[in-house]
Amino acid sequence: MRVPGRFYLSQELMGTLEEGAVTQLANIATLPGICKNSLAMPDIHWGYGFPIGGVGAFTMDEGVISPGGVGFDINCGVRLVATPLHRSDLKEVKTVLQQLYDIVPTGVGTKSCITASDRDLNRIMTEGARWTVDEGYGTERDLLWCEEQGCMEGADISHVSQKARKRGRPQCGTLGSGNHFLEIQCVEEIFDPEAAQAFGIEEGQICIMIHCGSRGLGHQVCTDHLKILEDASKKYHIPLADKQLACAPLKSPEGEAYLSAMACAANYAWANRQMITHLTREVFSRAFSLCAEEMPLVYDVTHNVAKIEEHMVDGKRTMLCVHRKGATRAFGPGTHDLPPGCDTIGQPVIIPGSMGSSSYLLKGTQGAMEKTFGSTCHGAGRVLSRSQAKKMATGESIQETLARNGITVLAPSGGSIAEEAPNAYKPSGEVVKVVHEAGISARVARLNPIGVIKG
DNA sequence: ATGTGC
1 MRVPGRFYLS QELMGTLEEG AVTQLANIAT LPGICKNSLA MPDIHWGYGF PIGGVGAFTM
61 DEGVISPGGV GFDINCGVRL VATPLHRSDL KEVKTVLQQL YDIVPTGVGT KSCITASDRD
121 LNRIMTEGAR WTVDEGYGTE RDLLWCEEQG CMEGADISHV SQKARKRGRP QCGTLGSGNH
181 FLEIQCVEEI FDPEAAQAFG IEEGQICIMI HCGSRGLGHQ VCTDHLKILE DASKKYHIPL
241 ADKQLACAPL KSPEGEAYLS AMACAANYAW ANRQMITHLT REVFSRAFSL CAEEMPLVYD
301 VTHNVAKIEE HMVDGKRTML CVHRKGATRA FGPGTHDLPP GCDTIGQPVI IPGSMGSSSY
361 LLKGTQGAME KTFGSTCHGA GRVLSRSQAK KMATGESIQE TLARNGITVL APSGGSIAEE
421 APNAYKPSGE VVKVVHEAGI SARVARLNPI GVIKG
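Per the UniProt record's numbering, the first sequence starts with residue 1, numbered consecutively.
Structure representation (structure tokens):
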């Protein structure tokens, strides 16, 4: 190890720590150009190369870029959409949930209501959410309340394969599967009234949370470039503790090619979440006569990406490539890329809970800038594998249990519910408590699900 | 995560 590995965990979560994930945290610290520490958030679990919940920052001169530090679902992320509705306005959740389920394509291999043309796809990959808004599916304001305004610089479509394009074309505007979801939630608790007001959130308010990523396109970009970077690791004589850490110097043609293809996939994911936002607004417009302006975006975060950012290292401003894999940016007050009116507050941070458990709205802090390259956790984090979870309970029994707690769940199959059982994940409240107490983000609000659409 | 698997 070139630097120490550091993780954030509580006594309560110690039992969830997998040895393999700790090894992966150590492996990150062996890579060239690693800066200060390899880091793990309290939702750490075993992943491909990097652990999920892992953060690694690398210097531009000596450092590397690794697809294993981003994940297969490039720009998997979460957005929160507000409504003017109060919980008392939503007595019958089943009808509106069914309408959402009917309009948002859900599950593996599903196709969108629109198939993007080749020219559309070029714009989706270079302009991200801007494309969706320009097509009439959203407002200018949506872009302001989105990390990077929903578009990452440096996207070069020449590094995205035809295979990736073919998979991506029919999928813009689809939810996907696994832990991806669309939830109708209610703001249960406000911890920080000033920040909640700045973010446009109040107690009792109905919101919609959308969790999804770059679908088949991002997956294919990752697969394609892993192959290229496996060869590049040998070419540049980078010793790998694990083949899954395939990487290339940031300043190499192979490294730059991955970064530009990754940006294309990241932009696709933002266009995708924006399209799903539009579909959601269509349903609420019909059911409650609400226009898009009455359903503003609270914020949109990515939790699977690598970004070139400036950070203070030993008192010096330093450009770094920060890999966040199952980790969320949590920029504090006075940083750049904060949404309107949030300069003294910090960026909104959205932490989805597991099915049936609370999600959280946090804010970024100065502590995150000092300790974690402006990063925090991304969610609950798995404790049971999908196959283990499936053996514990049937989808139907989980659905019944949640229904008794007033939560309606719609999913393509019982199996997809069983894989995402609440007990397959760490308790989100405990994960959030750790990042709050460590000062790497701060609680603003807690939201509880009322209706869940699982992918 | 994924047209789910060497």
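We put the CB at the ideal spot given by N, CA and C, even for glycine.
Note that the coordinates shown come from a computational prediction; the quantities given were computed from them, not determined experimentally.
- In the same chain as Ser354, and ignoring 5 residues on each side of it, the C-beta atoms closer than 6 Å to its own belong to Ala380, Pro422, Tyr425, in chain order.
- Relative to Phe199, the option among Ala82, Gly356, Leu229 whose CA is nearest is Ala82.
- If one requires a minimum length of 3 residues, the beta strand (DSSP E) runs lying completely within the stretch 31 to 92 are 38 to 45, 52 to 59, 77 to 86, in chain order.
- Under the three-state reduction of DSSP, Tyr268 is assigned to helix.
- Counting only residues of its own chain and dropping the five nearest sequence neighbours on each side, Gly54 has a CB closer than 6 Å to the CB of Ala40, Lys325.
- Burial is judged here by how many other beta carbons sit within 10 angstroms of a residue's own beta carbon; Gln162 has fewer than 16 and is exposed.
- Leu217 sits away from Tyr258, with the two beta carbons spaced by 8 Å or more.
- Going by C-alpha positions, Lys391 is about 12 Å away from Glu420.
- Less than 8 Å separates the beta-carbon of Val78 from that of Met209.
- For Thr95, the number of other beta carbons within 10 angstroms of its own is below 16, and it is reported as exposed.
- Residue ranges of uninterrupted beta strand (DSSP E) with 3 or more members, entirely inside the stretch 147 to 216 and ordered along the chain, are 181 to 190, 205 to 212.
- CA-CA distance, Ala263 to Gly49, rounds to 20 Å.
- Annotated three-state conformation of Ser285 is helix, per DSSP.
- Judged by DSSP secondary structure, Leu144 falls within the alpha helix (DSSP H) whose first and last residues are 140 to 144.
- Of all alpha-carbon atoms in Thr394, Thr408, Asn37, Asp118, the one lying nearest the alpha-carbon of Ser416 is that of Thr394.
- When the beta-carbon positions are compared, Cys207 and Leu447 come within less than 8 Å of each other.
- Boundaries for Ala29: no alpha helix (DSSP H) harbours it, and the DSSP string shows neither H nor E there.
- For Leu226 and Ala418, the gap between their C-alpha atoms comes out near 31 Å.
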